[in-house]
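In the UniProt record's numbering, the protein residues as written are 1 to 174.
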């Protein structure tokens, strides 16, 4: 994280010093230089919009997966659009096409049927498989299955699956 911040500071300083020499072209140079410098997530993470994602192959319970994501600076992934859902599905498929079930950050453990994201964002999109969520055998946690259209399913939180973590990139992509 320090390296990313330091890189941004250096890029902005270079952009400003180069722009000062150009006079009226200051804004154009500054804009061009900064957009060239600021563009990536931390090592091991992949960017989409202003978010950075990481597929975690180690199988954990839903709670342990969330704790792991917290320990590396994020949360289990929340999903807010079909484009973001497709991006996450492709990330999972690219990293491990043999293991389609993957934890996301959705749960209804506080009140049955009231789904929330662990990152606190609004529940404004879903991609439930037909007939889901059904709370069969007390299922309070969300998995996605990239093999099935409408691949979300509620499932018992003590199952062991890989996961997708995410964090907000404070330096959005150019």
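For every residue, glycine included, the Cβ atom is placed at its ideal position computed from N, Cα and C. For clarity, every value in this text was computed on a predicted model and none was experimentally measured.
7 Å CB neighbourhood of residue i in its chain, flanking five on each side removed
{"i": "residue 123", "result": "115, 116, 117"}
{"i": "residue 119", "result": "75, 78, 105"}
{"i": "residue 169", "result": "41, 47, 50, 51, 52"}
{"i": "residue 112", "result": "135"}
{"i": "residue 158", "result": "61"}
{"i": "residue 126", "result": "152"}
Bridge partner(s) assigned by DSSP for residue i
{"i": "residue 163", "result": "56, 103"}
{"i": "residue 141", "result": "107, 155"}
{"i": "residue 147", "result": "DSSP output for residue 147 lists no bridge partner at all."}
{"i": "residue 51", "result": "48, 168"}
Backbone CA spacing between residue i and residue j [nearest angstrom]
{"i": "residue 136", "j": "residue 57", "result": "26 Å"}
{"i": "residue 150", "j": "residue 83", "result": "13 Å"}
{"i": "residue 100", "j": "residue 145", "result": "5 Å"}
{"i": "residue 53", "j": "residue 98", "result": "20 Å"}
{"i": "residue 107", "j": "residue 143", "result": "10 Å"}
{"i": "residue 89", "j": "residue 148", "result": "10 Å"}
{"i": "residue 67", "j": "residue 128", "result": "25 Å"}
{"i": "residue 96", "j": "residue 130", "result": "24 Å"}
{"i": "residue 70", "j": "residue 62", "result": "12 Å"}
{"i": "residue 43", "j": "residue 86", "result": "22 Å"}
{"i": "residue 184", "j": "residue 141", "result": "No answer is possible for residue 184: it lies beyond the span of the chain, which begins at 1 and ends at 174."}
{"i": "residue 72", "j": "residue 65", "result": "11 Å"}
{"i": "residue 110", "j": "residue 55", "result": "26 Å"}
Same chain, Cβ closer than 6 Å to residue i, neighbours up to 5 away in sequence not counted
{"i": "residue 139", "result": "154, 155, 156"}
Under the three-state DSSP convention, the category residue i falls into
{"i": "residue 37", "result": "A caution first: residue 37 carries a pLDDT of 41, below 50, which makes its placement in the model unreliable, though a value can still be read off. Residue 37: helix per DSSP, three-state reduction."}
{"i": "residue 45", "result": "coil"}
{"i": "residue 171", "result": "coil"}
{"i": "residue 117", "result": "strand"}
{"i": "residue 75", "result": "strand"}
{"i": "residue 62", "result": "helix"}
Integer Cβ distance of residue i from residue j, believed to fall under 8 Å
{"i": "residue 91", "j": "residue 46", "result": "6 Å"}
{"i": "residue 94", "j": "residue 163", "result": "With 8 Å as the limit, residue 94 and residue 163 do not qualify as a contact, their Cβ atoms being about 15 Å apart."}
{"i": "residue 103", "j": "residue 161", "result": "5 Å"}
Nonlocal neighbours in the same chain, by C-beta distance under 8 Å from residue i, ignoring five residues either side
{"i": "residue 134", "result": "154"}
{"i": "residue 121", "result": "78, 80"}
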